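Under numbering that gives the first Met the number 0, the sequence shown has 362 at position 363, and the numbering climbs by one with no breaks.
The beta-carbon is built from N, C-alpha and C at its ideal position, and this holds for glycine as well.
As the structure is a prediction and not an experimental result, all values here were calculated from the model.
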Amino acid sequence: MNFASKLIDPIIQSFQYVTGNLRVLTITDMLMNFSRRLVFPYASLYILALGGNATQIGLISFLSMVAGLFLLPVAGHITDHADRIRLLVLAGFLSTAFLVLNVIAPTWQVVALATLLSGLVVFQFPAYASLVADALVPGRRGQGIGMSSTISSSLSLVAPFLAGLVVDRFGTNLGLRILYGVMVILSLVTTLIQRRFLRETTSAPREPLHLNALLNSLRHSYRGIPDLVRSMSGSLRALALVIMLCFVTQGLVGSFWVVYAVDQIGLTGAQWGLTLLAESVVGIPLFIPAGILADRWGRTASLTLALILSTVASLLFVILHGFIAILILRAVLAACFVLGAASCVALMAELVPSDSRGKMMAAIGQGGIQLGTVGNPGGPGVGYLMVPPVMIAALAGGFLYSLNPVYPWIVATATGILAAVLTVVFVRSPTEKV
Numbered sequence: 000m001n002f003a004s005k006l007i008d009p010i011i012q013s014f015q016y017v018t019g020n021l022r023v024l025t026i027t028d029m030l031m032n033f034s035r036r037l038v039f040p041y042a043s044l045y046i047l048a049l050g051g052n053a054t055q056i057g058l059i060s061f062l063s064m065v066a067g068l069f070l071l072p073v074a075g076h077i078t079d080h081a082d083r084i085r086l087l088v089l090a091g092f093l094s095t096a097f098l099v100l101n102v103i104a105p106t107w108q109v110v111a112l113a114t115l116l117s118g119l120v121v122f123q124f125p126a127y128a129s130l131v132a133d134a135l136v137p138g139r140r141g142q143g144i145g146m147s148s149t150i151s152s153s154l155s156l157v158a159p160f161l162a163g164l165v166v167d168r169f170g171t172n173l174g175l176r177i178l179y180g181v182m183v184i185l186s187l188v189t190t191l192i193q194r195r196f197l198r199e200t201t202s203a204p205r206e207p208l209h210l211n212a213l214l215n216s217l218r219h220s221y222r223g224i225p226d227l228v229r230s231m232s233g234s235l236r237a238l239a240l241v242i243m244l245c246f247v248t249q250g251l252v253g254s255f256w257v258v259y260a261v262d263q264i265g266l267t268g269a270q271w272g273l274t275l276l277a278e279s280v281v282g283i284p285l286f287i288p289a290g291i292l293a294d295r296w297g298r299t300a301s302l303t304l305a306l307i308l309s310t311v312a313s314l315l316f317v318i319l320h321g322f323i324a325i326l327i328l329r330a331v332l333a334a335c336f337v338l339g340a341a342s343c344v345a346l347m348a349e350l351v352p353s354d355s356r357g358k359m360m361a362a363i364g365q366g367g368i369q370l371g372t373v374g375n376p377g378g379p380g381v382g383y384l385m386v387p388p389v390m391i392a393a394l395a396g397g398f399l400y401s402l403n404p405v406y407p408w409i410v411a412t413a414t415g416i417l418a419a420v421l422t423v424v425f426v427r428s429p430t431e432k433v
């Protein structure tokens, strides 16, 4: 009874840390995570079905990050001065409109255009990150992130498998159009929910936005990069580099997981979806234990373990063939992602000063690390300082895959090893001894 109580009580207590804005964002994330897991695991096949090739898949991944070079620095200024709720709602409506292009795309070039335009909404990421950071309870951030992640990921559990059935039933072309259509609907719904229920919680003055102020922000952001980096603690600089390396790894292989699984291993769409279903079954229940582990065992140790295991499992993906082997490897990668995410977000919340979160997170991201993730690199974890190397990695991934499908995973192994070494040597939570 005592053992059961020790195991269950922290889980039950974690619910109390998901309140206010964090609760609203958790619910809307749940809907969007479901739609993303319907589409993103198969998006590369859609490009191929519309006449593209591996190099053009890499090009589209490259285009997804172009806007971030210019908008993320401005986003930091906007987050620290404007109404964050309005930013999220505006981004939601724009995202919905751009997604419609994917539904009606006649060629891969239109998908490329839609991807480029979708990159414009990156200005929402620092606002989202700062709202989450403000809503987390100090000392229990790992548990709050763990519970929020569990809820927001729950609906997406069966999404890849359902999408695989749709792709097998209707074909890649029509099937992906149907899935993108579902994504359009859910994007609009989540935007309306955020508009209705989110509340600005900071007491800092919020000012109207002016073009000159935004241009000055862009100019000052890049001019201020040396000072910004110098203002970071040693652990924060190391953590930012680790996150960048993980996104570089995703840039190399993220868009090609499904292509390799279908073309080289011979899985069907439904089988690939089933591996991602198993991945979710393993990963989602681990969010809360991972958050508790990150709080009790230590952020650095947890993150290091996740990096090492994910690097090994990723390399084995191109060595071990067969449905069962891939099923097991994806499950291991899911556990690594969960543990790494809980540790990294908690580290970021502790290492970034609260009075400069918007500016800092625009530069280095919110800590949303990617390990074994399927799809284009990007998202709230990518700051503008990370965009150039990740863009290069995306282009390189397409080129390397065209030369030899195994090459992207070989290079990704090297970046994974480097990230693990940097974490062990340099990354420390403020509560941990250096």
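query	result
Where Leu276 falls, given that 16 or more other Cβ within 10 Å makes a residue buried	buried
Helix, strand or coil at Ser153 [DSSP, three-state]	helix
Proximity to Ala418 [Cα-Cα], best of Gln249, Pro387, Ala395, Ile291	Gln249
Cβ pair Met360, Ala128 closer than 8 angstroms	yes
Inter-residue CB distance, Phe33 and Leu185 (contact presumed, cutoff 8 angstroms)	7 angstroms
Unbroken alpha helix (DSSP H) run spanning Ile224, endpoints	224 to 230
Presumed contact (8 angstroms Cβ cut-off) between Thr171 and Leu44, rounded CB distance	5 angstroms
Beta-carbon gap between Leu60 and Asn403 smaller than 8 angstroms	It is worth fixing the name first, because residue 60 is Ser in this sequence and not Leu. Cβ distance not < 8 angstroms, so Ser60 and Asn403 don't count as in contact.
Contact under 8 angstroms by Cβ, Leu302 with Ser342	yes
Pairwise C-alpha distance: Leu24 and Ala132	12 angstroms
Residue from Leu175, Leu89, Phe122, Leu70 with nearest C-alpha to Pro105	Leu175
Cβ pair Leu421, Leu240 closer than 8 angstroms	yes
C-alpha distance - Lys358 paired with Ala324, whole-angstrom precision	43 angstroms
Cβ contact check for the segment 281 to 295 and the segment 224 to 243: 3 or more pairs under 8 angstroms	no
Ala66 to Gly118 span [Cα, whole Å]	5 angstroms
Cα-Cα separation between Val410 and Leu251, rounded to whole angstroms	8 angstroms
The segment 156 to 164 in contact with the segment 263 to 280 per 3-pair CB rule at 8 angstroms	yes
Local Cβ density within 10 Å of Val424, reported as buried at 16 or more and exposed below that	exposed
Outcome for Asp28 when other beta-carbon atoms lying within 10 angstroms are tallied against a minimum of 16	buried
Per-residue DSSP class, three states only, for Thr414	helix
Chain B contact for Gly415 (CB, 8 angstroms cutoff)	This model lacks chain B altogether, as it is built from one protein chain only.
Contact under 8 angstroms by Cβ, Val120 with Ala96	no
C-beta contact flag for Val426 and Thr267 at 8 angstroms	no
Contact set for Val181: own chain, Cβ-Cβ below 7 angstroms, skip 5 residues either direction	Ser34, Leu37
Cutoff 7 angstroms; reference Phe169; Cβ partners in own chain excluding five residues on either side	Ile177
C-beta atoms of Gly371 and Phe336 nearer than 8 angstroms	yes
Where Arg298 falls: helix, strand or coil (DSSP)	helix
Short Cβ contact (8 angstroms threshold) for Ala111 with Leu62	yes
Buried/exposed call for Gln263, threshold 16 Cβ in 10 Å	exposed
Check whether Leu314 and Gly339 have beta carbons under 8 angstroms apart	no
Contact belief for Asp167 with Ala269 at Cβ below 8 angstroms, rounded distance in angstroms	5 angstroms
Simplified DSSP state of Ile318, which is helix, strand or coil	coil
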